[in-house]
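Letter 600 of the sequence shown, counting from 1, is numbered 1299 in this note's numbering, and no numbers are missing. Every residue, glycine too, gets a C-beta built ideally from N, C-alpha and C.
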Amino acid sequence: MCGIFGYLGHQQALPILVEGLRRLEYRGYDSTGVAVEHDGRIETHKTVGKVADLKAILPPTVEGTLGIAHTRWATHGGVTQVNTHPHASENDRVHLVHNGIIENFQQLRKGLAARGIACISETDSEVIAQMIALELEKAATPLEAVQSTLRRLRGTWGLCILLKDHDMLICARNGSPLIIGQGDGETFVSSDPHPLTAHTQRVVYLEDGDVAVIHRDSFSITSMKGHSVEPSITVLEDAWGEAELGDAPHYMYKEIYEQPDALRQCISGRVDRDMGTGRLGGMGLDHSALVQAPHVRLLGCGTAAYAAEIGQMLIEKMGRIPAVAHISSEFRNNDTVINPKAIYLAVSQSGETADTISAVKEIKLKGGQVFGVVNVVGSTIARLCGQGVYIHSGPEQSVASTKAFTNMVAALTIFATQLGRTRHLSKDDGRELIAQLQQAPHLMETYFEDVGPIAEAVDLLCGANSVLFLGRGLSATVAKEGALKLMELAYIPCLAYPAGEMKHGPIALLEEGSPVVVIAPNDHLKEKTMSALHEVKARGAKVILIHEKGDAIASEGDVSIAVPAIHPWLTPLLTVVPLQLMAYETALRLGRDVDRPRNLAKSVTVE
Ligand code: M6R
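Structural data, given as structure tokens:
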């Protein structure tokens, strides 16, 4: 979480830093700050709130061509002005911004106190600034001071450090991404690649343990122990898709409606309609690996975990081999048995989710091969896996994930088809599936022409104390995704259950007028789902029913929303869309900040 931007060059730093922060704001938005150096003086401005709040307190000009900036998602210490980055050492010689968590900071803080240095903030980050300042007094160079400080830290960091009277930035990475962008006589630092694309396409991704000394037109990288590291320059590809808001009222709205195009982008060139199979070249999986894999395991968090769950079901349906989806944060700590012959898929939009990264490292350590199913090109998970499939959603800025979900599902569907065709999936069945997958973007567009009575559904949801989401099979997972969306955006407690499980407990919650969202596409489980619908109606609940267009069950819902018919295995691609719209519209109606829901951030880069 948190965003870092740094600049050293020939232009005024402040506007570049503020624009960098604006593009990073989705990573955290509790508080934000900048520090700019000019003639040996470092001027800092910070505030609780968003980048717009920072802009409002900035003086018209702040001279200086060297600076650092940060947008925070609080981990240690409340959301206060004093806890906002940049943090400075007591003697004002070191200013820094930090992403990550320093686990031994209490102990280090005590050590500083014993030397008469009192930290003014509650953060773990300030400790680093104070320690570097002390090291500077004895080290031969600023780099050495930083290196010796880092060797005493335990935890994770992405650091960008500004030192008084030194025309340089020092950056370090350990578990928190940091990227250097090399321009013409100017160098940029960012925790995300996409703000860099406005300035340069030549970037270097720092690796864990790297420390970089940055000058205006050059930089060098060493390890924490001082060994020199050869930088590997990556040329950022032009990001597909428009990262700016344009005319859309919110990023979430824009991204929901981008789904048909995003889906086309994901599918295009990756399916063989004649052979009825997928063609995921980046996976680098040969035929025999697919045939011999004993099982598949999928990992993810939040929405990515739900996409993984759908992938699990599709792999079992088509490949007829066992598949299990795991929540990464559980997987990483459960000492799970790893079979090196199995296929492991790490699913993540950002490619920076700390729990998924740890799970990937654990699998690799035990000899397993992990394939990334990732959106952000060059992200940590993509690079760590070194193989996999980019889902090609284009930039997703809204904290609530939408187009990444449908593209993850599509990518996993293609993978399942490829796996299935090496085993039991017939050519005809494969062809039918691929043909319908190719139709999915168009069917989404058809749905957008008439989204149904979303406003009536919102009437029911707005006043609810809690909402129950029900579905079976693939739709049980769609129910979870719908519940997550409504909960994170509207702050309404939501519960998602497989419809058959409802009578084993959650039914106790229902009372007259309780809204229940039932997802009942026209698949082999529909009749059973309808039994649950009747049971909730018998208790006075109000049903919001998501069903296939033209299906007679429409009359059973208090509010019924129709989606176009599609192959039963592809229904999540369509049934999730009204749930996204319902969450978006409910949040708006309740006056929530749709793109910046409270307490959340887009990339969860801490445990
Ligand atoms: O970047 P990732 O896909 O790894 O992120 C995983 C979750 O943090 C993310 O899906 C989160 O649950 C979203 N806020 C859901 O809308």
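Contact check for Ile1042 against Val1076 fails: the beta carbons are separated by 7 Å or more. Gly1162 and Val1108 have their C-alpha atoms roughly 32 Å apart. Assignment of beta-bridge partners to Asn798 by DSSP yields Gly857.
Look at the beta carbons and you see the segment 949 to 969 not touching the segment 1034 to 1052: under three pairs across the two are nearer than 8 Å. Counting the other Cβ atoms within 10 Å of the Cβ of Pro1271 gives 16 or more, which makes it buried. In this structure, the alpha-carbon of Phe1168 lies about 16 Å from that of Glu1211. For Gly1001, the distance from the CB to the nearest heavy atom of ligand 1 is below 6 Å. A distance criterion of 6 Å places the beta-carbon of Ala1300 beyond contact range of ligand 1, judged by its closest non-hydrogen atom. Only residues of its own chain outside the window of five on either side were considered, and among them Val910, Met923, Gly925 have a CB closer than 7 Å to the CB of Gln846, listed in chain order.
DSSP, reduced to helix, strand and coil, places Ala1189 within a helical segment of the structure shown. In this structure, Ala1006 and Val1059 do not form a Cβ contact; the two beta carbons are roughly 16 Å apart against a cut-off of 8 Å. In the three-state DSSP reduction, Pro894 falls in the helix class (H, G or I).
Distances from the alpha-carbon of Leu1208 to those of Met1186, Gly1199, Ala1240, Lys1225 put Ala1240 closest.
Closest by C-alpha distance to Ser1097, out of Tyr1283, Gly854, His784, Trp1268, is Tyr1283. Residue pairing by DSSP places Tyr1089 opposite Val1073 in a beta bridge.
Note on the segment 954 to 1007: whole beta strand (DSSP E) runs with a minimum of 3 residues are 995 to 999, in chain order. The DSSP-derived three-state label of Gln900 is coil. At the C-beta level, Gly766 and Val735 come within 7 Å of one another. At least one heavy atom of ligand 1 is found less than 6 Å from the C-beta of Val1098. Residue range 878 to 881 is occupied by the beta strand (DSSP E) that includes Gly880. A straight-line Cα-Cα distance of about 32 Å links Gly1085 and Val1276. Residue side-chain check: Gln1048 places its Cβ nearer than 6 Å to a non-hydrogen atom of ligand 1. DSSP, read as helix, strand or coil, puts Glu825 in helix. Within the model, the alpha-carbon separation for Gly1290 versus Asn873 is close to 39 Å. DSSP lists Leu707, Glu736 as the beta-bridge partner residues of Leu765.
In this structure, His893 sits away from Gly882, with a CB-CB distance that is not shorter than 7 Å.
Between the alpha carbons of Lys1016 and Ala1115 lies a distance of about 8 Å. Comparing alpha carbon positions, the residue from Leu998, Thr1176, Gly1249, Ala751 closest to Gln1048 is Leu998. Look at Val1276: its beta carbon is at least 6 Å from all of the heavy atoms in ligand 1. Counting along the chain, Lys1248 sits inside no alpha helix (DSSP H), nor does DSSP assign it H or E at all.
Taken in chain order, the complete alpha helix (DSSP H) segments of 4 or more residues contained in the segment 1085 to 1142 are 1102 to 1120. Excluding its 5 nearest sequence neighbours in each direction, Asp864 has C-beta neighbours in its own chain below 6 Å: Gly739, listed in chain order. Sequence-distant partners of Asn803 (beyond 5 residues in either direction) whose C-beta falls short of 6 Å from its own C-beta, in its chain, are Arg853. Counting along the chain, the unbroken beta strand (DSSP E) around Thr921 starts and ends at 918 to 922. By the CB criterion at 7 Å, Ala844 and Leu835 fall inside the cutoff.
Take the alpha-carbon of Arg1120 and the one of Leu1160: they are about 43 Å apart.
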